[in-house]
Structure formats: C-alpha cells, structure tokens
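Numbering (mature numbering (1 follows the signal peptide of the UniProt record, and there is no 0)), first residue to last: -25 to -1, 1 to 734.
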C-alpha cells in the first residue's frame, strides 16, 4: 500500500511539474505588467542564435539545450521591451549557460553571456593570457561584431579590472564609451569580457541609441565656471572607516576605525552645462525633502530610562534565552508568538552579531494558518541579555492593494525613536537621530502604489563623527503602524582613531579639488514621474573626475590627505607604473598574469627586490587561496608576535598551510630568504615536504650542487623536477638572496598544482 501511494505521488508530481515548466517558460515578467514587443519570441531567438553562431562559434541544438524566454522592460532604457533568453546544457563532464538579451523593438542583440563549466575535473588556476593579449582579442571581436560603432568609441578603465581576490583565474573586462562631438556619452557603450584561460569571449554588451537628440556644445559654461560651481556644492565630512588587519578576511571582527574625509554633494552631483545649476540623479535642480530630529531634552529623557548593562561572566542557557525572547516579542508584537527553534552563535558570526556571543531564535504566530508568514527571527546577546535584532516576515498581500495608512513618515519616525528608547536607550546619545525623507514614487502595472514601509537608519557617532558600520536600523509598517524590523550593529571593543591633529575640512576640500577636474559628458535623465512611462532627456553636464584614474577617489586620510581604499590603505596609481616596471623583464608575462589575479600586489611589487620571509609568505598564501577561518584558529606561539600584530592572521594561515611550524621561537619576518629557502617554502606549500626529507635519493643537476645545504637537497630537487625553478649557466645559486620575480615565476609555474590541493 505504501509503495502504491509513493508511486501515485510521483505520478502526480510529474504531471504537476510537466504543466508548470511550459507555463514558466512563457510567463510574462513574473507578475510585472504584460508588455507588447514588435519582435516576436521566435524572431528574438533567431537573432540571438545568429550572433552566437557567427561571432561565438556556438550552435544551439534545441534537443540538447533547455531554454527559457522572458519578455520584460529594459532597465537601461525604461519603457522599452526586451527579450531575455536562457539556454542551459549539461552533459557528461561539461555544462554550458548562455544568456542573450534582444531589443523587443529593433531586434538588435544587446547582451550575450556564455559561461562553460567542467564537472569532475581540476579547474585551471592560472590565466593563460595577459591583459594586453586579452585586449587584442576584444578589439578583434568588436571590429567584427560592431565595426561601425567601434570607430566611435574610446576605451575607459573598467572597475571590474580592479581585482578584489578570487580562487580561480579572473577574466579580463574592457569598456568602451561612445564619443559624440568629442564628448563621452556615458549611456552609450560597448563592454566585452575575455576568458583568461581560453582567450574566448565570455560576455558582450552593447547599448547604442540611434536617435540621440543630443544638445550642441554651443552655450555651455567653461570648465573654470563648472569647477567653481562644483566646489561650492561639495563639502568634506569626517567619518570613521572600519579597518581589518587583512581585508581579505571578512570574518574578522573589526578592531580599529580610521578617520577619513569623504565628499558630500549638497545640491546634486553634476552641473547642468547650459544652465550652470547643480542637478540630482533625477536631473532636477531642487528636491523636496522632510527633515526631522528630536531635541536634546528628549534624548535626556530617554537616557533617564536606561538601565545599566550588566555583562555576565558566562553565557545564559537556552531556556533563559527563550524566556527573554518571548518577553521581547510580547512587548514588541503582542500576544500569540512562540519560539519554534533556537541556535547559539559565537564570535565567528560577525555580520549577524557584530562578533558578540548570541542566541538566535525563529518565532512563529501560534494558532494561525499563516504562522510562518507572520513569524520571524530574534537575536539576543548571550552575555548581556540585550536585544541585537528582530525581523518579522509578515506579508500582507500584493503591494497594489489599496489600504488606509496607519501613520505618515513623521509618526513613523516617532515610532522608530520610541523603539530605540525601549531597546537601546543608552545608545540614544551616541547615534545621529536626524533623519531625512525624500518621497520616491513607485509604480506597478502603471499604477502609483502606496509606500509599504518607512526605513530609518541611525549611524553611531563618536564625538559627533559618524561611524556607519555601527548603527541602529528600524523599519515601520505603514499599513499596521507596527515596527517590523529593528537591529543594533554595535562593536563595543572598537578602537577609534582620535581626531586630534586632523587637517581641517577646508584644507581637505582643497586637496580633493586639486586631484579632480570637471569633465564634460553627455548623460540621460528620466524626467517622468512614472518610470514605466519614461521621458528620457539627454543633457550636457559637468562631473568631477579624478585626474589620475577613471574613477573618483571616495575618501582621504584625515591626517595625511592621501586617498585611501575601502580598508583605509593608501591608493597608489599602479596600472601604468607596474606595466612600465615589468616591461621587458624576463618574467613579464608571469608577473602580468599574477598581478591581474591579485596574487602579487602591483602597488608594492618590485621584481628585482630581494624578498623577505613575510613577503614570501604573503605571496604564497595568495597563491594557495584564502579560505574562511573561524575565530578558533590555532593561536601562534612565536615569542615576538602578539594578536595585535598586523600579520597575525597571515601567520595563522601560514601555519595552517604548513609553511611555518608553530613553535615557541622568534619569527623574523624581515629577514631576506635565500633561493634554497624559497624552494623549501614552495615544497611545503605543495604538501610534499615528507618526500623532500627522504635522504640519499636525489641528485641535483647543477654545477654548484655542493653549495646546497644537505637538508635542502630534496626540496630543490623536487622544485627542479616540477619545473618550478631552474638555473642560469647550470648554476642554481642556493645561497643567493631570492628576488620577488623569482618566487613569483615559480608560483606561476606551479599554480595549477597549488590551487588544486586539499585544505
């Protein structure tokens, strides 16, 4: 009987899925307004297949590929219909995913993405071509697919080429912007991506408007006037930036915050080149907004109700945590909620708990048909019993349904402040309570819909300076008038850089403006109130552009005035400088590829510089790949390395990979390593040290083999056998100091083996 029931259920499931799949393929925009296109689905399919066959050498066999079609609006050109087509193939050891976007009005192919996957095989770990070789491939491709358009473009630096780390080889991205009247038109562009392994085109995108209707340059204000207007409408504001010992370890609890200046545009971000006024993202010179804050007395009244936070020596148990959660839920959401499941979170869950030890519980609505829809998540501090976060999953229907709002934005603000006063009263003096509201109309199916929630974000203040990484956020349901979400992200152990000695805001602004200049560009604004019925207008505007890079610097060190990256490290122009440094070098290709993959730091790399032990370890760790490490990683025993050392996490990883033995000795990271020591590190990284230690089986084919330390013979022999190292004139030079380029070249040669090792 059981077998029959199972068989019946399987048959029903097959029938259900069989009816769902075709419906999904033909679904109109997943609930979005039904659109009409001049180009049919079959015409769009034929256009995409033609481009794939002619330029990507890719045939589509309908019997082998699964396909899906979607007709939706174009996000780049609102109101215009596009066909989005997906093809997927999986067979044997190979998988293929293809995406094509076809203009529903003109039939032009706008986007192609083609990515191939290998199953059950070792993935290549090093790019086979350099950026320059990839660029030639990209140019050849674009001259074939867009010969006319390519004559009108200029290459610009693409942010995708700013490498942020990754385990497998990166692809190369190239961006070209259209030039009209010798002026960049930022909404007209061609992008192309080249596979770093195969040298094939992975993706292509072209947005090109035939009817431009661009204003002429006649009557535009000069650069000097534009610079004056921009300077009057930008100010430099102090803020704190989180700094990690190593930006690659995102699980790290932030320990320090750096003081930086960042630009703030008061009345827009570009200047109308004809009118000489600032414009916001809507192309408007004015914007309607509401601002609300509470008084100092109100803050003091809230503080009076604050109770001292008591941090216990031991975490509360599960039962105690559940009781506290239920009390908070009753206070915040009323009767009828219960905790259904719980889990304990320790320090490694930084983003969820700000590094605190915590209990997290899933709650549901009792005796309700929608118990899970009306449930949510609550998290409390396991040592202080304070609320950390509470989220409700409540959903009350499609947003197009009309309802009577229970409150307006001002009343919702009061509700949010009340919530802060209830759950985090002691923090009221350390947050920015002023909030700004700008109404953004939202349309569904051409109908203006009501706002569903009001969101409030209160950043932490340190002596009046904001640190946005720490904050309290609250959302209020407009329909019910209830608070739906509240979260406190707060790190009590953070060390903030003092503001004493920082340069003034006027001096910071002067430095910022000296490094930027006005750039005249064409851009498009949607002047319609209804984004589903757009009114696109092209304008000539001036924007501030960094003089030495394609992307504007965002923040600067508040003491030195140097521009810094997202981790507070100084930004150095390294692209052309690095290329000049390695041009003509015997390892030019290897160094170019490793820099593009983020394995060597182009900002600090000097090919012929003698490499220190710490520099070598960092390079080898980057080659091996950085993996997630919990707070429980093995403590280091080195006598001169404390947990506050900037290299602590790197050294922990080195111990994990077997590069170093965790001994109670002094670690000399500044010592320059020899070539035979370099071989030892390479063999250790490749997990072959046991082989290297076998005695009396290795013969070195070098004239100076007698100069090799006896205990290093096996290491050098293995490196030679694996073709990681060589020697000029038959000499290995074991006692000579190794250079950055020598280690990098060895890493390049062994990267496929290194990256496919087990952790």
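Beta carbons: idealized from backbone N, C-alpha and C, even for Gly.
| Query | Result |
| --- | --- |
| Run the CB neighbour count on residue 93, radius 10 Å, all protein chains shown included, and call it buried at 16 or more, exposed below. | exposed |
| To which residues of the same chain is residue 206 closer than 7 Å at the C-beta, ignoring the five residues directly before and after it? | 488 |
| What is the rounded straight-line gap between the Cα of residue 253 and the Cα of residue 192? | 18 Å |
| With 16 as the cutoff for other CB atoms within 10 Å, does residue 640 come out buried or exposed? | exposed |
| If you pair each beta-carbon of the segment 576 to 583 with each one of the segment 699 to 706, do three or more pairs fall below 8 Å? | no |
| Where are the beta strand (DSSP E) runs, 3 residues long or more, that stay fully inside the segment 234 to 320, in chain order? | 245 to 247, 265 to 267 and 312 to 320 |
| In whole angstroms, what separates the C-alpha of residue 515 from that of residue 721? | 52 Å |
| Is DSSP giving residue 217 helix, strand or coil here? | strand |
| Are the segment 541 to 560 and the segment 584 to 595 touching by the rule of at least three beta carbon pairs closer than 8 Å? | no |
| Buried or exposed: residue 50, going by 16 or more other Cβ atoms within 10 Å of its Cβ? | exposed |
| Can you pull the DSSP bridge partners for residue 75? | 60 and 87 |
| Please return the same chain residues whose Cβ sits closer than 7 Å to the Cβ of residue 137, not counting the five positions on each side in sequence. | With a pLDDT of only 44 at residue 137, under 50, the local geometry of the prediction cannot be trusted, and no value is derived from it. |
| Given this structure, state the Cα-to-Cα distance separating residue 668 from residue 690, to the nearest angstrom. | 8 Å |
| In terms of residues, what are the limits of the alpha helix (DSSP H) holding residue 487? | 480 to 489 |
| Output the distance between the C-alpha atoms of residue 656 and residue 634, rounded to the nearest integer angstrom. | 6 Å |
| Name the residue from 650, 679 and 696 whose alpha carbon lies nearest to the alpha carbon of residue 666. | 696 |
| Quick one: Cα of residue 486 to Cα of residue 264, how far? | 31 Å |
| Buried or exposed for residue 470, going by 16 or more other Cβ atoms inside 10 Å? | exposed |
| Return the residue from the list 293, 62, 395 and 152 that minimises the CA-CA distance to residue 180. | 152 |
| If we ignore side chains and look at the alpha-carbon of each, how far apart do residue 728 and residue 661 end up? | 7 Å |
| Residues in the same chain with beta-carbon distance under 8 Å from residue 293, minus the five sequence neighbours each way, listed in chain order, please. | 317, 319 and 334 |
| Note down, in chain order, each residue of its chain lying with its Cβ closer than 6 Å to the Cβ of residue 16, except the 5 sequence neighbours on either side. | 44 |
| Might you give, ordered along the chain, the residues of its own chain that have their beta carbon closer than 6 Å to the beta carbon of residue 141, omitting 5 neighbours on each side? | Any reading at residue 141 must be qualified, since the residue scores a pLDDT of 44, below 50, and its modelled position is unreliable; the value itself is stated next. Excluding residues within five positions, none has a Cβ falling inside 6 Å. |
| Could you please give the first and the last residue of the uninterrupted alpha helix (DSSP H) stretch that includes residue 384? | 384 to 398 |
| To which residues of the same chain is residue 718 closer than 7 Å at the C-beta, ignoring the five residues directly before and after it? | 586, 591, 594 and 653 |
| Do residue 452 and residue 427 have their CB atoms nearer than 9 Å? | yes |
| What's the gap between the Cα of residue 535 and the Cα of residue 185? | 48 Å |
| Which term fits residue 541, buried or exposed, when burial requires 16 or more other beta carbons within 10 angstroms of its beta carbon? | exposed |
| For the beta strand (DSSP E) containing residue 152, name the first residue and the last one. | 147 to 155 |
| Excluding the five sequence neighbours on either side, which residues of its own chain have a C-beta within less than 7 Å of the C-beta of residue 726, listed in chain order? | 100, 101 and 598 |
| So who's on the other strand from residue 495, going by DSSP bridges? | 517 |
| Cutting at 6 Å between CB atoms, please list the residues of its own chain near residue 331, excluding the five before and the five after it. | 356 |
| Using the rule of at least 16 other Cβ atoms within 10 Å of the residue's Cβ for burial, across every protein chain shown, is residue 411 buried or exposed? | exposed |
| Give the range of the beta strand (DSSP E) segment to which residue 424 is assigned. | 422 to 424 |
| To the nearest angstrom, how far is the alpha carbon of residue 383 from that of residue 476? | 44 Å |
| I need the DSSP call for residue 622, collapsed to helix, strand or coil. | coil |
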